[in-house]
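Numbering (full-length UniProt numbering), first residue to last: 1 to 454.
First comes the structure, then the notes that go with it.
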């Protein structure tokens with residue numbers, strides 16, 4: 001299985017370089033050096049370049065990127081997007097995606113003592129987003145529309161970056177007593193489902209008052225946060241609830257390290273069914289199909305459970321069946337840590353930074369495997385399919401990216417490649433991703449939520 005593994009290159013850049021470019025372009029400073037680094041696992045080499053940002057000597061409206069150290073070239077391509085290339089490491093031009101917005105709540109994203117974001121979700125209707133933290137709190141914020149139409153090379157708009165802000169408009173829940181593992185919106189965007197390390201699930205309303213505050217001008221100060229109170233609490237799991245998603249308007253599905261997958265009647269506040277996984281569940285894939293559960297097992301396998309079956313126990317087989325399937329245990333893969341699905345293809349991430357791609361119609365052999373930084377400290381924290389050929393990957397090494405999978409009709413035509421690097425975090429782990437209608441949201445250890453248009 002390891003022969004299928006592709007090692008992808010890494011390109012990363014100084015997170016503040018768009019601000020430097022703007023300051024030079026506006027004439028605030030004559031020039032300034034920024035850094036861009038490139039790595040390749042194939043040869044075990046890295047190049048750390050210094051690039052001087054300055055105005056053209058003749059055309060003062062043109063910003064130049066002059067490499068003064070290292071074999072890296074930074075430029076703005078025909079689409080108005082930054083890209084970097086490193087010929088000596090055979091790294092082709094790689095797009096650098098910058099966030100259009102950065103939400104840095106002063107109470108949660110203090111650079112000296114940030115609160116780690118462990119769960120994140122954006123509402124389907126774009127009205128609010130919710131973050132979960134290590135301390136068990138959930139913070140619900142309105143979404144701003146400012147900054148979304150600016151050029152992709154502009155610095156991100158920062159709604160809370162104003163001295164007039166005391167506290168951004170938000171609602172806060174402290175219903176969970178331990179780490180919030182997952183937040184997911186119901187399709188109506190009027191409620192969120194959360195799960196945590198305290199073995200419980202909660203359903204919270206998102207609040208019409210908060211959604212209406214999206215029209216409030218950015219930078220205006222507000223009063224103290226209002227409380228967010230759950231309308232339902234679901235109990236029954238015996239260990240951390242590592243996965244949760246709504247099932248229609250009144251149901252929910254959860255998965256836990258206790259090895260159970262449970263179906264809930266949210267309206268009644270009761271368990272409606274239970275299935276037994278092969279072992280503890282590390283993650284649950286979000287999917288539109290309400291008749292099945294695709295989970296990442298703690299031992300590195302993936303399992304599909306048919307929720308229509310009266311009972312799904314243990315490890316039925318390594319092949320597809322009416323009751324689902326369990327994939328073989330990959331070699332040198334590590335523990336399962338994340339999973340996502342799109343159509344017939346699903347992707348599973350591991351604690352060692354490896355992503356394996358499968359076709360659910362032939363789950364016994366992966367289509368491909370890829371990694372960048374492989375080993376401890378590079379765990380895949382979250383996976384999100386943007387479409388059938390692109391996969392967003394969040395990692396503990398702070399180097400999130402979008403992979404082009406190069407698969408069609410259930411087979412691999414070429415090795416996966418890096419489509420875009422997600423610039424923003426400064427070596428801080430990125431723990432969670434959320435996707436809605438062309439927008440990718442990311443959160444992690446620095447406490448900042450970033451919104452990318454991809």
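Don't be surprised by glycine CBs; every beta carbon is placed ideally from N, CA and C.
C-alpha distance - residue i paired with residue j, whole-angstrom precision
| i | j | result |
| --- | --- | --- |
| residue 158 | residue 191 | 26 Å |
| residue 417 | residue 404 | 5 Å |
| residue 229 | residue 194 | 12 Å |
| residue 386 | residue 339 | 14 Å |
| residue 218 | residue 308 | Caution applies to residue 218, whose pLDDT of 47 falls short of 50 and renders its modelled position unreliable; the model cannot decide the point. |
| residue 25 | residue 78 | 19 Å |
| residue 316 | residue 355 | The predicted position of residue 316 is uncertain, since its pLDDT is 42 and thus under 50; no value can be drawn from it. |
| residue 120 | residue 433 | 7 Å |
| residue 181 | residue 67 | 43 Å |
| residue 358 | residue 47 | 33 Å |
| residue 70 | residue 91 | 14 Å |
| residue 388 | residue 342 | 6 Å |
| residue 246 | residue 59 | 56 Å |
| residue 214 | residue 242 | Because residue 214 sits at a pLDDT of 48, beneath the cut-off of 50, its placement in the model cannot be relied upon, and the point is left open. |
| residue 231 | residue 125 | 21 Å |
Span of the beta strand (DSSP E), counted from its first residue to its last, around residue i
| i | result |
| --- | --- |
| residue 107 | Element bounds for residue 107: n/a, residue is neither H nor E. |
| residue 305 | 302 to 306 |
| residue 139 | 138 to 142 |
| residue 183 | 180 to 185 |
| residue 173 | 171 to 173 |
| residue 255 | 251 to 256 |
| residue 404 | 401 to 404 |
| residue 271 | 270 to 276 |
| residue 420 | 417 to 422 |
| residue 5 | 5 to 7 |
Residue i beta carbon near the ligand COA (any heavy atom closer than 8 Å)
| i | result |
| --- | --- |
| residue 287 | This structure lacks the ligand COA, and indeed carries no ligand of any kind. |
Option nearest residue i by Cα separation, candidates the options
| i | options | result |
| --- | --- | --- |
| residue 278 | 266, 264, 303 and 24 | 303 |
| residue 17 | 9, 107 and 35 | 35 |
| residue 270 | 281, 200 and 107 | 200 |
| residue 7 | 441, 415 and 359 | 415 |
| residue 39 | 32, 49 and 57 | 49 |
| residue 276 | 306, 268, 150 and 299 | 306 |
| residue 391 | 378, 375 and 371 | 371 |
| residue 153 | 374, 139, 448 and 20 | 20 |
| residue 399 | 443, 227 and 363 | 443 |
| residue 52 | 73, 61 and 394 | 73 |
| residue 257 | 284, 247, 273 and 63 | 284 |
| residue 111 | 454, 447 and 252 | 447 |
| residue 88 | 161, 9, 59 and 407 | 9 |
| residue 273 | 281, 253 and 282 | 253 |
| residue 11 | 63, 83, 116 and 44 | 83 |
| residue 424 | 28, 295, 134 and 445 | 445 |
The alpha helix (DSSP H) enclosing residue i, as first and last residue numbers
| i | result |
| --- | --- |
| residue 263 | Element bounds for residue 263: not the alpha helix (DSSP H) but the beta strand (DSSP E), 260 to 265. |
| residue 18 | 17 to 25 |
Residue(s) in a DSSP beta bridge with residue i
| i | result |
| --- | --- |
| residue 466 | This structure leaves residue 466 out entirely; the chain is present only between 1 and 454. |
| residue 65 | 53 |
| residue 232 | 203 |
| residue 76 | 82 |
| residue 432 | 443 |
Would you mind listing the alpha helix (DSSP H) stretches within the segment 308 to 390 that are 4+ residues and don't spill past its ends, in chain order? Here no run is fully enclosed.
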